[in-house]
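Its first residue numbered 643, the sequence shown is counted upward by one per residue in the numbering used here. These notes are about the structure you will find just below.
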Amino acid sequence: MKQIIFLILVLTILSCENKKQNSLSSNSNDENALTIEDTLSPEKIENTNPSNSINKVAINYNKNKDLLDIILLLPDSAFPSWEWTLNDRMKWYNEIKENDYYVDDNPDYFNQSYFEPNKAGFTVVDGFWSINIYKTVENSFIVITNDIVGGGNFLNIYEVKSNTITKQLDEKSIFSDYIKQLKKKENTENCYEIFEELNDPIFEIDLTNKNKVEIESSWYLTKKEYEKCLIGNAIIYIFNPNTKMFEIEKIYWKTKKKE
Numbered sequence: 643m644k645q646i647i648f649l650i651l652v653l654t655i656l657s658c659e660n661k662k663q664n665s666l667s668s669n670s671n672d673e674n675a676l677t678i679e680d681t682l683s684p685e686k687i688e689n690t691n692p693s694n695s696i697n698k699v700a701i702n703y704n705k706n707k708d709l710l711d712i713i714l715l716l717p718d719s720a721f722p723s724w725e726w727t728l729n730d731r732m733k734w735y736n737e738i739k740e741n742d743y744y745v746d747d748n749p750d751y752f753n754q755s756y757f758e759p760n761k762a763g764f765t766v767v768d769g770f771w772s773i774n775i776y777k778t779v780e781n782s783f784i785v786i787t788n789d790i791v792g793g794g795n796f797l798n799i800y801e802v803k804s805n806t807i808t809k810q811l812d813e814k815s816i817f818s819d820y821i822k823q824l825k826k827k828e829n830t831e832n833c834y835e836i837f838e839e840l841n842d843p844i845f846e847i848d849l850t851n852k853n854k855v856e857i858e859s860s861w862y863l864t865k866k867e868y869e870k871c872l873i874g875n876a877i878i879y880i881f882n883p884n885t886k887m888f889e890i891e892k893i894y895w896k897t898k899k900k901e
């Protein structure tokens, strides 16, 4: 009788051990399966997709289509101090069209500062390049690109209609010869030397306002020293979509460092 009882106890213990081992084995397999699944999960894969790139720059294609299309039309002369080839611009354009973003592989050379439906600006090495567009009543655009290097402004001005550059314009015609506008018209007998100086100073051009442009002289044209010959050192223009011109809103004296 004792032998039978002992045999039953042994069999019971062995049965419990087998169940415990099977349970441990099952849990181990589940844990391994979870680890593999997590590894393969898209959430666990980092920086393998361009959309996860830290250099991804968002641009809404549909919202900014007019400006994007115009950038493709620009000739090489619109980039006087740097190179942005048509081929590179097309790759950039198509990437934005497909994804609503582009990946900036070289942010130290070409870095977007802002991009809006009517204007965009990029730092390029140690300079800055911008583009502004102004819509006319004829459904064309006046386009101004500004390449700023070493404190100087290099403007290119075009009219674009139906995805074609129809003409290239010049600063004097579209801004009514702003240097001439600063000069007094009367009692200027002793102003010859000052008028000569106007050919040399650097004029800063602010294109950041949507429909206005401000042009101001370099820092040394101060009111105290030049008001006998000039009526101001800064001009604010406002765009007229009917005439396709920038018309003078006001001419005034802007405080300079020397003052």
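We put the beta carbon where it would ideally sit given N, CA and C, even for glycine. A quick note: this is a predicted structure, and the numbers were derived from the prediction, not measured.
Which of the three DSSP states is assigned to residue i in this structure?
i, result
"Ile-976", "No answer is possible for residue 976: it lies beyond the span of the chain, which begins at 643 and ends at 901."
"Ile-873", "coil"
"Ser-772", "strand"
"Asn-882", "strand"
"Glu-725", "coil"
"Lys-898", "coil"
"Ile-890", "strand"
"Glu-673", "Confidence at Glu-673 is low in this model, with a pLDDT of 40, below 50, so its placement is unreliable and no value can be given for it."
Nearest by alpha-carbon distance to residue i: which of the options is it?
i, options, result
"Leu-872", "Glu-839, Ile-890, Lys-854, Asn-882", "Glu-839"
"Ile-784", "Ile-790, Val-791, Tyr-776", "Tyr-776"
"Lys-739", "Asp-711, Glu-725, Trp-726, Ser-719", "Asp-711"
"Asn-706", "Trp-726, Asn-697, Asn-760", "Asn-760"
"Gln-823", "Thr-897, Tyr-879, Gly-769, Thr-778", "Tyr-879"
"Asp-708", "Pro-722, Asp-848, Phe-757", "Phe-757"
"Asn-781", "Ile-893, Thr-885, Lys-892", "Thr-885"
"Pro-883", "Thr-778, Asp-842, Leu-811", "Thr-778"
"Asn-829", "Leu-797, Lys-870, Ile-701", "Lys-870"
"Leu-715", "Arg-731, Thr-850, Ser-860", "Arg-731"
"Asn-697", "Leu-797, Asn-875, Tyr-751, Tyr-703", "Tyr-751"
Between which two residues does the beta strand (DSSP E) harbouring residue i extend?
i, result
"Asp-848", "846–848"
"Glu-856", "854–858"
"Lys-705", "It is not in any beta strand (DSSP E) - Lys-705 carries neither H nor E in the DSSP assignment."
"Ala-700", "698–700"
Considering only their Cβ atoms, is the gap separating residue j from residue i smaller than 8 Å?
i, j, result
"Trp-734", "Tyr-744", "yes"
"Ser-815", "Ile-890", "no"
"Thr-806", "Ala-720", "no"
"Gln-754", "Val-791", "no"
"Asp-747", "Gly-769", "no"
"Glu-858", "Phe-837", "no"
"Ile-847", "Ile-773", "no"
"Lys-862", "Lys-827", "The question names Lys, but residue 862 in the sequence shown is Tyr. The answer is no: Cβ separation not under 8 Å."
In terms of residues, what are the limits of the alpha helix (DSSP H) holding residue i?
i, result
"Glu-831", "Here Glu-831 belongs to no alpha helix (DSSP H), and DSSP marks it neither H nor E."
"Ile-868", "As written in the sequence, residue 868 is Tyr, which differs from the Ile given in the question. From DSSP, the alpha helix (DSSP H) with Tyr-868 extends over 865–868."
Q: Within the stretch 738–770, note down every full beta strand (DSSP E) run reaching 3 residues or more, in order along the chain.
A: 743–745, 752–758, 761–766
Q. Which residue spans inside the stretch 787–828 form an unbroken beta strand (DSSP E) run of at least 3?
A. 794–803, 806–811
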